[in-house]
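Structure, as structure tokens:
There are 2 protein chains.
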Amino acid sequence: MDSTMQRTPLLISTLLRYGASAHGRSELITWTESGARRTSYREAGEQAAQLAHALRGVGITDDQRVGTFMWNNAEHVIAYLAVPSMGAVLHAINIRLFPEQMVYVTRHGGSEVVIVDNSLAEPFSKLLPALTGVRHVVVNGPVPDGLRDALAAPDHVEQVHDWDEFLRDQPTSFDWPAVDENDGCAMCYTSGTTGNPKGVVYSHRSNYLHALTSASMLSVGQADRLLIVVPLFHANAWGYPYAAMFTGSSLVLPDRFLQPEPLARMISELKVTGGAGVPTVWNGLLQHLQQTPTDVSSCRFLMVGGSAAPPAMLRTYQDRFGIEMIHGWGMTEMSPVGSLALAPGDVEPGTPEYWRYRSSQGRLLPGVEGRLIGPDGAQQPADGSSIGELEVRGPWITGSYYSNGSESETELADMASKFDGEWLRTGDVGALTDDSYLLLSDRSKDVIKSGGEWISSVDLENAIMGHPDVLEASVIGIPDDKWQERPLATVVLRDGATVMIDGLRDFLADKIARWQLPDKWAIIDEVPKTSVGKFDKKALRRSFADGALDVQRVGSE
Amino acid sequence: MDSTMQRTPLLISTLLRYGASAHGRSELITWTESGARRTSYREAGEQAAQLAHALRGVGITDDQRVGTFMWNNAEHVIAYLAVPSMGAVLHAINIRLFPEQMVYVTRHGGSEVVIVDNSLAEPFSKLLPALTGVRHVVVNGPVPDGLRDALAAPDHVEQVHDWDEFLRDQPTSFDWPAVDENDGCAMCYTSGTTGNPKGVVYSHRSNYLHALTSASMLSVGQADRLLIVVPLFHANAWGYPYAAMFTGSSLVLPDRFLQPEPLARMISELKVTGGAGVPTVWNGLLQHLQQTPTDVSSCRFLMVGGSAAPPAMLRTYQDRFGIEMIHGWGMTEMSPVGSLALAPGDVEPGTPEYWRYRSSQGRLLPGVEGRLIGPDGAQQPADGSSIGELEVRGPWITGSYYSNGSESETELADMASKFDGEWLRTGDVGALTDDSYLLLSDRSKDVIKSGGEWISSVDLENAIMGHPDVLEASVIGIPDDKWQERPLATVVLRDGATVMIDGLRDFLADKIARWQLPDKWAIIDEVPKTSVGKFDKKALRRSFADGALDVQRVGSE
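Just so you know, the protein sequences line up as chains V and B, in that order.
Letter by letter, the first sequence follows residues 1 to 557 of the numbering used here.
Letter by letter, the second sequence follows residues 558 to 1114 of the numbering used here.
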């Protein structure tokens, strides 16, 4: 039966128009060397129109890509709004990638215009000669001395613009086109550790639904001022620039001032009510707050994602500052938010059960469906204990990676391997509770595949590290003729430790199923770490393969 | 540029699956003669699956219509979820219509199965002989003595079922079909005062987006228990059955116990945190609470809609009980919520400005766009004072009325006249502020069209009623050779009033623009009222046309 409803598309321009009118007095508050700079949503709407007219003027007439090379500031948010609204596609380039990766993603995405913060003009000028598709550079802020020539030098650069001049005299309203809601509106690349970064193209629809749903779960409103530390150049800025247009929350944008001290000042001086950032940022802030008392009483919550936050940090923020730290889990491929660790409303705050929920990876957002696929390819029950690789689907989850036809067969095969029919393979392994909370433990490449069953390396590590004599433990799977893989436990003992490996194995006996107990162990001096401080299991596997580990066999298997 | 995102449809089944798992412990709490009856969302999900299987068994295999003739109770919510999820179309029949209208809408909609509360089986049995398309009747609760035969009597009725038996032995899970999100999922008829009711057909998409957006604005969550007094048989139950699946709020369903005393008991005994109903209901409750002290401290907000709530009631609930009464405005044609009168976050509570916002018809929801069309057909500015007829568009606003081919030319023309291109004419006249709040005053049929300009009858009435000698005033437009229409003010004076008509006109001089001042007046004994207590301007116009009013001319025009 046909519906009689209008088929109004879900567009970024709808959000922009709404935010600039209904929430016209809300503000983008950009931190600068001389304090806060304020841009009302009404002004942001006008500048978005001006930017769109100016971009039309340099040939952005259809779905061409416009790149940004910027910190979190008002102009970056305005680009987030204007470029999709005019029917073009925003590519916020990750300024933290290696130079060759930045060149790769900019060329692969195909940006013809790039907007660059003046504080980033120098590193950008180094990349520009290789960015042969870029015709126009717009510099946000005065162009630094001596850099204008460098930016204008490459043959492919037609003109270098100052943001203010680029927008000046342009009309402050724009007849935003009625594009298809499934058209691309923004692209984002994963920062894969191996091979070239892979890109996804968000649609108007996916960004609209993602922002509306995640904002709805966080219960933020017009009275909120949200400190957005998560970079706009990374993982779609967790959807905040779009969610703010729905909710009218003001956004506090730290630009390049990402150290604990200025962040604490922003919270206290601007009466920030919530924030979004990675664990490292909030951990640094916590250290600072503990040493330098600062009034952060305005702050109600901090959303944390990107990697798992230590439970102790959640507890300290809660107990000492009354700040609810909300775990989020997601992926660039998921726009990015898939789940938020808000405790169920019927669980008493402060109880162990409450903290189990709060420390989980969170409850799937409505619209996101998850399933667990076990080692034999069969779906596992959502019972809180059966483990499998998490697969997800939903309206803001990618169904493929972006191909511009330049990829090798190997790359295309790798891209395709991340999907299981209409489901995205997340690469995360863990359990799903019957009330839709994620309990993720391992990456699928780290889980130990033993005799058609999976053993969580992280569960084993946590159990071993529970022994008082153990400083660190890292468990990897090593090849086994009979079982395919078996766990190898590498352990760093504390100074003066007396425990022997047999003792460690006995210690695990009542904590871990017998078949999962490691029968190979190695005492090492230090667990190798990656640049962000995670256990570097690749290095450990290499050491094992090279015969550099002193492996001892214990137990009966 | 194509997006890489999945095109997962927005379906009611997505909501049902989500609510039944993520919020499995939340409850539908149905009030009965013997207290509260509880159905968890998990159980509701299982019963929805059973209902769907049972309906398949009686031939609901595609998009056939399933009617309900029910109060607000768990089984009605389960039908709201199951029927759309299985791909069929729910028609909640308005049990408050005149019998001939109930017969009309049921036949026009085409229900083949109707689910009936046993407490409503008797009136339904009177209609049933005329409902020749109805093949099966499912009775919720034991069939009252002697009614089974009456229900089974009509030739077109193949079978009468008990709800419990209908569901018994059916599987508790269902493989919900992947229908198109734009397919019809539920239908609803307006209760037009003239002519046949007109129907709209909601889509999965429209109901999904409406529920998500309105729930998001209200900031409700899993810890909420919402008292849903607004009938599920009227105006899509304001979207609450679907919103609850997103948010996990429990729903308190009063069944037929709609008097102030049981409503007050539900709030205090079930620790209700919010509610939804029309002004009459909340006004009755307020009278009760003032006479019979009851603990309603759990209640945070009451949403009120259907007609304008008196500002004094908003103030009293706030000041005396700390309950925020939230004005909503909408239409059946809008799913129904178009706006909510939450004050902007930057306006200080309690100030006159705050109360102006709270007493308005509210801020348009994100996604709903509004424009004002003036008497000359030109769009009016959103400046808070220019008035026009409000037209709206958006993803949960109807673009047409449902036609089954049986309508007369006149009816079809009437249906088409409610649309202005892709915009729905709301029939409401008023202003729109620059921050998207509605200030509606008149229905378009009541506004006075004078010399190409509009005069608000309600503004005149309020100004006249500001005079201490005036008890009531109602203003209608009467034909005028020169100006097309001019206002006629009908006034009921208080006992002992001394004011004369000239005095009333002088009283208005500094309140109303000179050209708007009524030059025709009539003193009457009482303003005629409709059955719901509104001024009956149709009756007044008839009295004027019949020469039954003693009209006096004053002023110079």
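By construction, the Cβ of each residue, glycine as well, lies at the ideal position given by its N, Cα and C atoms.
Since the model is a prediction, treat every value here as computed from it, not as a measurement.
State yes or no: is the C-beta of residue i within less than 9 Å of the C-beta of residue j?
{"i": "B/GLU964", "j": "B/MET972", "result": "yes"}
{"i": "B/ILE785", "j": "B/ALA833", "result": "yes"}
{"i": "V/ASP117", "j": "V/VAL139", "result": "yes"}
{"i": "V/VAL470", "j": "V/ALA509", "result": "no"}
{"i": "B/SER917", "j": "B/LEU996", "result": "yes"}
{"i": "V/ARG320", "j": "V/GLN290", "result": "yes"}
{"i": "B/ILE883", "j": "B/ALA898", "result": "yes"}
{"i": "B/GLY951", "j": "B/PHE976", "result": "no"}
{"i": "B/SER896", "j": "B/LEU922", "result": "yes"}
{"i": "B/LYS1094", "j": "B/ASP1037", "result": "no"}
{"i": "B/GLY987", "j": "B/ILE1035", "result": "no"}
{"i": "B/TRP588", "j": "B/MET643", "result": "no"}
{"i": "V/PRO241", "j": "V/LEU97", "result": "no"}
{"i": "V/ARG542", "j": "V/LYS520", "result": "no"}
{"i": "V/VAL220", "j": "V/LEU226", "result": "yes"}
{"i": "B/GLU1097", "j": "B/THR1047", "result": "The sequence given here places Leu at residue 1097 of chain B; Glu does not occur at that position. The answer is yes: Cβ separation under 9 Å."}
{"i": "B/ILE586", "j": "B/SER942", "result": "no"}
{"i": "B/GLN621", "j": "B/GLU590", "result": "no"}
Measure the alpha-carbon distance for residue i versus residue j and round it to whole angstroms.
{"i": "B/GLU1114", "j": "B/SER1013", "result": "With a pLDDT of 47 at B/GLU1114, under the threshold of 50, the modelled position of this residue cannot be trusted; read the value that follows with caution. Each residue's Cα considered, the two are about 19 Å apart."}
{"i": "V/GLU369", "j": "V/LEU218", "result": "19 Å"}
{"i": "B/GLN779", "j": "V/PRO279", "result": "27 Å"}
{"i": "B/TYR958", "j": "B/CYS745", "result": "10 Å"}
{"i": "B/GLY862", "j": "B/TRP886", "result": "6 Å"}
{"i": "V/LEU266", "j": "B/GLY907", "result": "Per the sequence shown, the amino acid found at residue 266 of chain V is Met instead of Leu. V/MET266 and B/GLY907: Cα-Cα distance of roughly 29 Å."}
{"i": "V/VAL272", "j": "V/SER298", "result": "6 Å"}
{"i": "V/TRP572", "j": "B/VAL757", "result": "The structure shown does not extend to residue 572 of chain V, since chain V is modelled only from 1 to 557, so the question has no answer here."}
{"i": "B/ALA631", "j": "V/ARG42", "result": "45 Å"}
{"i": "B/GLY666", "j": "B/ASP619", "result": "15 Å"}
{"i": "V/GLY547", "j": "V/ILE523", "result": "14 Å"}
{"i": "V/GLY529", "j": "V/GLU472", "result": "Sequence check: residue 529 of chain V is Lys here, not Gly. Taking the straight line joining both Cα atoms gives about 12 Å."}
{"i": "B/THR990", "j": "V/LEU209", "result": "27 Å"}
{"i": "V/GLY184", "j": "V/LEU151", "result": "29 Å"}
{"i": "V/GLY133", "j": "V/ALA382", "result": "48 Å"}
{"i": "V/GLY367", "j": "B/TYR575", "result": "8 Å"}
{"i": "V/ARG300", "j": "V/ALA215", "result": "15 Å"}
{"i": "V/ASP376", "j": "V/LEU460", "result": "22 Å"}
{"i": "B/LEU827", "j": "B/ARG595", "result": "11 Å"}
{"i": "B/VAL634", "j": "B/SER676", "result": "17 Å"}
{"i": "V/VAL586", "j": "V/LEU11", "result": "Nothing about residue 586 of chain V can be reported from this structure: the residues present for chain V run from 1 to 557 only."}
{"i": "B/ALA800", "j": "V/GLY405", "result": "43 Å"}
Nearer than 8 Å: is that true of the beta carbon of residue i relative to any heavy atom of the ligand ZN?
{"i": "B/ASP852", "result": "No copy of the ligand ZN appears in this structure; indeed no ligand is present at all."}
What are the uninterrupted segments assigned as beta strand (DSSP E) that are 3 or more residues long and contained completely in the region 19-62 of chain V, given in chain order?
Qualifying beta strand (DSSP E) stretches, in chain order: 27-32, 35-40.
So within the region 725-785 of chain B, which uninterrupted alpha helix (DSSP H) runs reach at least 4 residues, ignoring any that extend past its ends?
You should have 761-775.
Whole beta strand (DSSP E) elements within the region 218-301 of chain V, 3-residue minimum
As for any beta strand (DSSP E) of minimum length 3 sitting wholly inside the region 218-301 of chain V, the runs are 225-228, 250-253, 274-277, ordered along the chain.
Which ranges would you report for the beta strand (DSSP E) in the region 975-1017 of chain B if only whole runs of at least 3 residues count?
Within the region 975-1017 of chain B, complete beta strand (DSSP E) segments of at least 3 residues are found at 980-989, 994-1000, 1005-1007, 1010-1012, given in chain order.
3 or more residues per run - each beta strand (DSSP E) lying fully within the region 64-107 of chain V
As far as the region 64-107 of chain V is concerned, its whole beta strand (DSSP E) runs of at least 3 residues are 65-69, 89-92.
Can you pull out the residues from the region 985-1004 of chain B whose beta carbon lies closer than 8 Å to at least one beta carbon of chain V?
Answer set for the region 985-1004 of chain B: ASP991, ASP992, SER993.
Which residues of the region 797-815 of chain B have a Cβ closer than 7 Å to any Cβ of chain V? Give them in chain order.
Listed by position, the residues of the region 797-815 of chain B near chain V (Cβ gap below 7 Å) are PHE803, GLY805.
Residues, ordered as in the chain, of the region 721-749 of chain B that lie near chain V by beta-carbon distance below 7 Å:
Against chain V - using a Cβ distance shorter than 7 Å - the residues of the region 721-749 of chain B are ASN739, ASP740, GLY741.
Threshold first: 3 residues or longer. Then list the beta strand (DSSP E) segments lying entirely within the region 314-393 of chain V, N to C.
Complete beta strand (DSSP E) runs here, min 3: 324-330, 337-340, 362-364, 369-373, 388-393.
Closer than 8 Å is the cut-off here; do at least three beta carbon pairs connect the region 158-175 of chain V with the region 45-52 of chain V?
Three or more Cβ pairs closer than 8 Å define a contact, and the region 158-175 of chain V meets that threshold against the region 45-52 of chain V.
Can you list, in chain order, the residues of the region 11-24 of chain V whose Cβ is nearer than 9 Å to any Cβ on chain B?
So the list reads THR14, LEU15, ARG17, TYR18, GLY19, SER21, ALA22, HIS23, GLY24, given in the order they occur along the chain.
Runs of alpha helix (DSSP H) wholly within the region 479-531 of chain V (minimum 4 residues, chain order)
Runs of the alpha helix (DSSP H) lying entirely within the region 479-531 of chain V, each at least 4 residues long, are 501-508 in chain order.
Would you call the region 199-211 of chain V in contact with the region 66-73 of chain V, where contact means no fewer than 3 C-beta pairs closer than 8 Å?
Judged by Cβ distances under 8 Å, the region 199-211 of chain V makes no contact with the region 66-73 of chain V, as fewer than three pairs qualify.
Which residues of the region 396-409 of chain V have a Cβ closer than 8 Å to any Cβ of chain B? Give them in chain order.
The residues in question are TRP396, ILE397, THR398, GLY399, SER400, TYR401, TYR402.
Could you please tell me which residues of the region 341-360 of chain V, in chain order, have their CB closer than 7 Å to any CB of chain A?
No chain A is part of this structure, whose protein chains are labelled V and B.
Report the residue ranges of all alpha helix (DSSP H) runs contained in full by the region 660-723 of chain B; include only those spanning at least 4 residues, in chain order.
As far as the region 660-723 of chain B is concerned, its whole alpha helix (DSSP H) runs of at least 4 residues are 678-684, 704-709.
I want to know whether the region 571-583 of chain B touches the region 510-530 of chain V - three or more CB-CB distances under 8 Å.
Contact between the region 571-583 of chain B and the region 510-530 of chain V is absent: fewer than 3 CB-CB pairs across the two stretches fall below 8 Å.
Can you pull out the residues from the region 917-943 of chain B whose beta carbon lies closer than 8 Å to at least one beta carbon of chain V?
Per Cβ criterion, the list reads ARG920, LEU921, PRO923, GLY924, GLU926, ALA939.
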